[in-house]
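Worksheet: the structure to be examined is printed underneath.
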Amino acid sequence: MAVKTIAVSIPEEFGADIDCAVAAGEYGSREEVVADALRVWTRRQEARAEELRSLKAGINAALDDPRPTLSLDEVKAHLQAVIAKSRARRDAAA
């Protein structure tokens with residue numbers, strides 16, 4: 001992998017954490033610590049992007065669904081029925 005050198009300023013606390021990780025033998029150098037942190041950040045960014053794509057796909061699928069939509073009152077009634085059923089099961093088990 002090509003290498004790009006950059007200079008960054010970090011809080012002293014992070015610098016101390018990095019130095020401790022290197023001193024403990026968890027990493028061979030400060031650069032390895034930063035590279036590992038960037039790999040974790042990159043994976044998290046990719047996961048967030050995938051989650052957003054999935055949400056958008058779900059929204060688009062719902063918008064494209066030809067079935068009739070429910071009114072707010074219908075949704076509330078359904079949810080109240082689900083909650084009541086759940087409470088009844090819980091009470092019966094108690």
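Heads up, the sequence shown is in UniProt numbering, so the first residue is 1 and it goes up one at a time. Every residue gets a Cβ at the ideal spot worked out from N, C-alpha and C, and that includes glycine. All values derive from a computational prediction rather than experimental measurement.
Where residue i falls, given that 16 or more other Cβ within 10 Å makes a residue buried
i, result
"V33", "buried"
"I18", "buried"
Distance between residue j and residue i (C-alpha atoms, nearest Å)
i, j, result
"L63", "Q80", "25 Å"
"A94", "Y27", "53 Å"
"E31", "E46", "22 Å"
"I10", "A16", "10 Å"
"C20", "V8", "19 Å"
CB contact flag (residue i, residue j, <8 Å)
i, j, result
"S29", "V40", "no"
Test: residue i CB closer than 8 Å to a CB of chain D
i, result
"S54", "Judged by its chain identifiers, the structure shown contains no chain D, having just a single protein chain."
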